[in-house]
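Residue 12 is where the sequence shown starts when you use the numbering used here, and the numbers rise one by one after that. Worksheet: the structure to be examined is printed underneath.
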Amino acid sequence: MTSWKLKQTAQCAKCPWRVDVDPHEIPNGYSVDKHAALASTIAAPGALPDPGAPLRVMACHETEDAHCVGWLHHQLGQGNNLALRLRMLSCANAGELRLRGAQHQTFEATLPREAAHATTTPSGNGYTEMPPWQPRRRNEETALDQ
């Protein structure tokens, strides 16, 4: 498999996956229709990919040619996007992903709501280092398995 690199590894300041970001304040304006259409990028947890099917990804709202780091974090973690995990095996800089603050736990939580978002105060440069992403080994247990 040919190695490739993510164009962006740091989560942007206005990423809608951040709990403290109001989606109405993202650059280039907010669109209810575009936001709803992004649901097609969320894999059913643990679903096996269809052979030959394209991998639908969420692009960063600041650029069209970079993955959304918040989306990557969700789909590689609790989103359990198996097709993405397989693709990331050949990503040379997957271990360099950095988040800013608390993250939404579900796609639905990224949708606008009337109540004010909780805020967090970042420390240092505002980034949280993520442990390098590694595929789970066969028979390896996690807190989710218990």
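For each residue, glycine too, the CB sits at the ideal point set by N, CA and C.
Using the rule of at least 16 other Cβ atoms within 10 Å of the residue's Cβ for burial, across every protein chain shown, is residue i buried or exposed?
i, result
"R67", "exposed"
"M12", "exposed"
"H35", "exposed"
"A43", "With the sequence shown as reference, residue 43 is identified as Val, and Ala is not the correct amino acid for it. When all chains shown are included, V43 counts as exposed."
"L108", "buried"
"Q19", "buried"
"T121", "buried"
"L100", "exposed"
"P27", "buried"
"L48", "Note that residue 48 is Ala in the sequence shown here, rather than Leu. By the neighbour-count rule (16 or more Cβ atoms within 10 Å), A48 is not buried but exposed."
"G90", "buried"
"N92", "buried"
"R124", "exposed"
Between which two residues does the alpha helix (DSSP H) containing residue i stretch?
i, result
"R124", "From DSSP, R124 is part of no alpha helix (DSSP H); its letter is neither H nor E."
"A105", "Note, A105: premise wrong, no alpha helix (DSSP H); not H, not E."
"M12", "No alpha helix (DSSP H) contains M12, which DSSP labels as neither H nor E."
"L93", "L93 to M99"
Report, in whole angstroms, the separation of the C-beta atoms of residue i and residue j, which I expect to be a contact under 8 angstroms.
i, j, result
"L95", "Q86", "5 angstroms"
"A103", "S14", "5 angstroms"
Any heavy atom of the ligand NAP within a distance shorter than 6 angstroms of the CB on residue i?
i, result
"N91", "This structure does not include the ligand NAP; it has no bound ligands of any sort."
Compare the C-beta of residue i against all C-beta atoms of chain D and say whether one is closer than 7 angstroms.
i, result
"G90", "Going by chain labels, chain D is absent from the structure shown, which holds only one protein chain."
Runs of alpha helix (DSSP H) wholly within the stretch 20-82 (minimum 4 residues, chain order): 43-48
- prompt: Touching or not, the stretch 113-123 and the stretch 54-68, by the rule of three or more beta carbon pairs under 8 angstroms?
  reply: no
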